Structure formats: structure tokens, C-alpha cells
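Student: Terminal number for the sequence shown in the numbering used here: 73, no gaps in between. Mind looking over this structure? Questions follow.
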Amino acid sequence: VDRLPSVALVARPRGKRAGVLHKLEAALRRLPTPVIGHIAVDALRLDLRCLPPDGETEFAAQLSASSGLGA
3 VDRLPSVALV
13 ARPRGKRAGV
23 LHKLEAALRR
33 LPTPVIGHIA
43 VDALRLDLRC
53 LPPDGETEFA
63 AQLSASSGLG
73 A
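As C-alpha cells, then:
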């Protein structure tokens, strides 16, 4: 299997609170421009290769504006 080069933003909860990852993942999917990630090895991973070249600013602004995602 060939792998595509990529960079991911990884979020890990402190302690053993895996439930918070599922809440964060659900909250990210509800954003105006949904952010889709996957949970693996006790971490939520957001693959940044899915962002369009000009989408980084919007992505960062959306995360900043939604810092209280309810997770």
C-alpha cells in the first residue's frame, strides 16, 4: 500500500478520558464547514492534506471562534 504524504493535527485528552475525543469529533462535524477527523490510538487526528491550499486561514479562524466546542 502506497501512502500519501500528509500532516495531521492531533488532539489527545489528559488522563484516560477517551469520551472527550468523541464529543470533540462530533462538535467539529457540526461546525459551519464541518471538520472530519478520525480517532486512532487514543487521539483525534485531523488530516490537513484535505484542506484546500487557501483553506488554512478559514480552518484556523473556525477553530478559534469555536474554542468552546463543548467537549
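Each residue gets a CB set at the ideal place from its N, CA and C atoms; glycine is no exception. Just so you know, these numbers come straight off a predicted model, no measurement behind them.
Tell me where the beta strand (DSSP E) around ALA42 begins and ends.
Tutor: On the sequence shown, residue 42 is found 40 positions in, with the first residue counted as 1. Segment 40-42, the beta strand (DSSP E) holding ALA42.
Student: Within the continuous beta strand (DSSP E) that includes ALA45, where are the two ends?
Tutor: On the sequence shown, residue 45 is found 43 positions in, with the first residue counted as 1. Run containing ALA45: 45-49, per the beta strand (DSSP E) assignment.
Student: Here's the rule: buried if 16 or more other CB atoms are within 10 angstroms of the residue's CB, otherwise exposed. What is GLY72?
Tutor: Your numbering for residue 72 matches position 70 in the sequence shown. Note on GLY72: pLDDT 48, under 50, position unreliable in the model; the coordinate value appears next. Under this definition GLY72 is an exposed residue.
Student: Output the distance between the C-alpha atoms of GLY17 and LEU30, rounded to the nearest integer angstrom.
Tutor: Numbered from its first residue, the sequence shown carries residue 17 at position 15. Numbered from its first residue, the sequence shown carries residue 30 at position 28. For GLY17 and LEU30, the distance between alpha carbons rounds to 21 Å.
Student: Per DSSP, which residues does ALA13 bridge with? Please list them.
Tutor: Taking the sequence shown and counting its residues from 1, the one referred to as residue 13 is at position 11. DSSP lists LEU46 as partners of ALA13.
Student: What distance in whole Å lies between the Cβ atoms of VAL9 and LEU50, which are believed to be in contact at a cut-off of 8 Å?
Tutor: Indexing the sequence shown from 1 puts residue 50 at position 48. Indexing the sequence shown from 1 puts residue 9 at position 7. So it is a contact: roughly 5 Å between Cβ atoms.
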